[in-house]
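Note that the numbering used here has the sequence shown beginning at 1, numbered continuously upward. The next block holds one structure in the form of structure tokens; read it before the comments.
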Amino acid sequence: MKALFDWIDHRTGIRSLTKDVLFENIPGGSRWRYVWGSTLTFALFVQFITGAFLWMGYSASSGDAWESVNYIQNEMTGGWLLRGIHHWMAQAMPILLLLHLMQVLVDGAYKAPREVNFWFGVILLKLVLALSLTGYLLPWDQKGYWATKVATNLVNIVPFVGPELQKLVVGGTDYGHHTLTRFFALHAGVLPALIVLLVIGHIYLFRRHGITPAEPKKKKDAYFWPDQVFKDAVACLAVMATVMFFVIWYHGAHLASPADPSEPFSAARPDWYFLYLFQFLKLDAFAGDKEVWGAIYIPGMFVGLICLMPFIGKWKVGHVFNVGIMFAFLGGAGALTYLAKHEDVAGGNSSTYLKALLDNHRDAERAIELAKHEGIESTALNLLKTDPKTQGAKLFAQHCASCHRYGGHDGLAHELAAAENLADLKARTSAWERFASSEAVHPEWLARKKNSTNEWATVEAILNANEEAKYEILAATEIKDPASAPDLKGFASREWIRELLTPDMYISHKFFGGSAHKDGDMYRRFLKRKVTKYDEEEKEMLDLVVLALSAEAKLPSQAEKDKADAEKINRGIDHLIDDIACIDCHAFQEPDPDVDGPDLTGYGSRQWIIDFVKNPEHEKFYPENNDRMPAFGEKGILSDDEIGLIADWIRGDYLIKPKETAAVD
């Protein structure tokens, strides 16, 4: 073995090189404050290794990027772990950079003859931040897409060359495939190569000039090996352990929903280490044409000041100034970061921000679920665009919720965990909870007593009422206009029809209380005059009619019930035609031009809903007494596909995970 080492050493000089590295003199001995450079080198090494493996599964295409990251995260063996390490180490690197920079400044290791090495470090800091910025876009999700778009829009205001520079960065006039390929080339090729070159130069200059001792020297000089190597190794292990904690806690890194250029993401924010600049630009001093000062001039002047620090630090007062200005910057950046986070959870638009986060999380989970069970024929975004659960709800909120409700909201609310009591509701409404918990509650969201039929009220109003109870909570804001048409949650289900045929419920705001049909023939001649006087036998017949009418819808959620109750349904049809005599006002199973109520044939079925939404004034529905509902299809407000998505969503006719089945039933 010795002969082999001698042979290698004779040709490479490895023994001499190892001796130079391990037995370098450290004035004052080893110190924990010297570990930050080694931890940074270690972090870069981890990033290069994990990045190379991620590259093997990644596709830099606007049509495949999200899909490939989803594959890495949810399909590839160990992919979530690999991506998690890469993500969380990227979060750690700015902290390590700042610690290293501050150690260099405090110890005066930036002064002559170490100016060039200090400048190398400043450039490295900028390159690492650029690495983070370019990596943010690569998943091609909503969060990265819109946050990076905001950041690159700032390039447009660079004096003289802004518009052309932005085109160069973006790859044209619009965000798209070429933007992604440019950012990937920078992230995986150009920037790492520059960083490696600068690290080599940085280490060379560091070895040339040696360690700047921290004053005063309390211990004797020592070699780099073994004490400092041990401290560096412990620090690197501590960094890795911290990263692994977050990786395991969050099961890797979050993947937001696929990027959708047509749907702005109001919760788009840069990574936390850029938040201070994001908040800085929101100051009134940089409004309008003055934005260039906050985005370009002032940051540029500050970087210039940092580069001049080796010359300013020649004097003792200059050194104190340098250290003081950096601590002041860190304090200001920390304060701005806090303000940005506080504004997000407690500011004027905080309700919209928090709701957007929940919406995006829901869409992301849905995209992953669809990709897993249905596969991806074109793009993940197309999966969401053609998914009734996702797109049907959005179309309902946009076109239908001004009159209708869905469970008391616009169809896009999130049902949060119930508050056990008033104190629990109040605690979950605090700004701190909104910052830290996914089950936090905003005062503008909605709540009501659990298992009640009360109208939803704002959480703030509930807290002011100070009434002890267990509360249901919706992450949704109050709709300004009162409901003027039926609530369509559970439409055509047995429970929905049973409530519809209850006289008091029929004229409530859950059904027709806000419409012209409130005092129509259905209520006056049937519900009020007849149903209120039914005996037990007639009530049983009406219950069978409910089963029969609901069976017309062929709802997926009650298919098994309908099959089991086939005999009751047939009896219900007989009662519908004869005893209850619904056909006096409604056509059923065959056209009847003499009736004026909606045709009950196929009531609540997909085709029935589609036909109704297309034209509610069709002779099958309300040719004479339609109450304000537009003909969405006839007037071209909605396409056939969009109407179909709404119909499928209302019916619950979409891919459902097993745990969701009970909720839909």
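For glycine and all other residues, C-beta sits at the position ideal for the given N, C-alpha and C.
- Minimum Cα-Cα distance from Tyr534 among the listed residues Pro503, Phe120, Ala564 and Lys518 corresponds to Pro503.
- It is roughly 22 Å from the alpha-carbon of Gly304 to the alpha-carbon of Phe206.
- In the three-state reduction of the DSSP assignment, Ala109 falls in the coil class, being assigned neither a helical nor a strand state.
- The straight-line gap separating the alpha-carbon atoms of Lys2 and Arg11 is approximately 14 Å.
- Under DSSP, Lys449 takes part in a beta bridge, and its partners are Tyr471.
- In the three-state reduction of the DSSP assignment, Asp141 falls in the strand class.
- DSSP places Leu168 inside the alpha helix (DSSP H), whose first and last residues are Gly162 to Val170.
- Between Trp649 and Lys385, the gap from beta carbon to beta carbon reaches 8 Å or more.
- Under the Cβ criterion (8 Å, minimum of three pairs), the segment 250-264 counts as touching the segment 357-369.
- A contact is defined here as three or more CB-CB pairs under 8 Å, and the segment 608-618 fails this definition with respect to the segment 561-574.
- Around the beta carbon of Glu552, 16 or more other beta carbons sit within 10 angstroms, so the residue counts as buried.
- Sorting Val122, Leu180, Lys126 and Ile123 by C-alpha distance to the C-alpha of Lys149 places Leu180 at the top.
- At the C-beta level, Leu600 and Gly572 stay beyond 8 Å of one another.
- Leu133 and Leu463 have their C-alpha atoms roughly 42 Å apart.
- Where Ala566 is concerned, the enclosing alpha helix (DSSP H) starts and stops at Ala566 to Ile577.
- Boundaries for Leu527: no alpha helix (DSSP H) harbours it, and the DSSP string shows neither H nor E there.
- DSSP places Ala431 inside the alpha helix (DSSP H), whose first and last residues are Ala431 to Ala436.
- Across the set Ser68, Trp249 and Glu455, the C-alpha of Ser68 shows the shortest separation from the C-alpha of Ile376.
- Buried is the label assigned to Ser62, since at least 16 other Cβ atoms lie within 10 Å of its Cβ.
- Sequence-distant Cβ neighbours of Glu439 in its own chain, meaning closer than 7 Å and more than five residues away, are Leu416, Ala417 and Arg428.
- In the three-state DSSP reduction, Tyr175 falls in the coil class, being neither helix nor strand.
- Comparing C-alpha distances from Asn625 to each of Pro591, Glu374 and Lys518 shows the shortest one belongs to Lys518.
- Residue state for Arg15 is assigned as helix, using DSSP reduced to three classes.
- DSSP places Ala340 inside the alpha helix (DSSP H), whose first and last residues are Lys316 to Ala346.
- Rounded to whole angstroms, the separation of the alpha carbons of Phe512 and Ser484 is 7 Å.
- Straight across, the Cα-Cα distance linking Pro270 with Trp496 is about 45 Å.
- A residue is called buried once 16 or more other Cβ atoms fall within 10 Å of its Cβ, and Tyr250, having fewer, is exposed.
- Separation of Glu164 and Asn156 (C-alpha to C-alpha, rounded to the nearest whole angstrom) is 8 Å.
- With fewer than 16 other Cβ atoms inside 10 Å of its own Cβ, Thr453 counts as exposed.
- At the C-beta level, Leu395 and Leu645 come within 8 Å of one another.
- Judged by pairs of C-beta atoms under 8 Å, the segment 228-239 does not touch the segment 69-79, as fewer than three such pairs exist.
- Under the three-state reduction of DSSP output, Ala285 falls in the helix class.
- The beta carbon of Asp410 is closer than 8 Å to those of Phe396, Ala397, Ala401, Ala476 and Ile479 in its chain, skipping five residues each way along the sequence.
- Straight-line measurement puts the Cα of Ala92 at about 28 Å from the Cα of Glu24.
- Runs of the alpha helix (DSSP H) lying entirely within the segment 476-535 and spanning at least 4 residues, in chain order: 494-500 and 503-506.
- If you draw a straight line from the Cα of Leu40 to the Cα of Ser59, it comes to about 28 Å.
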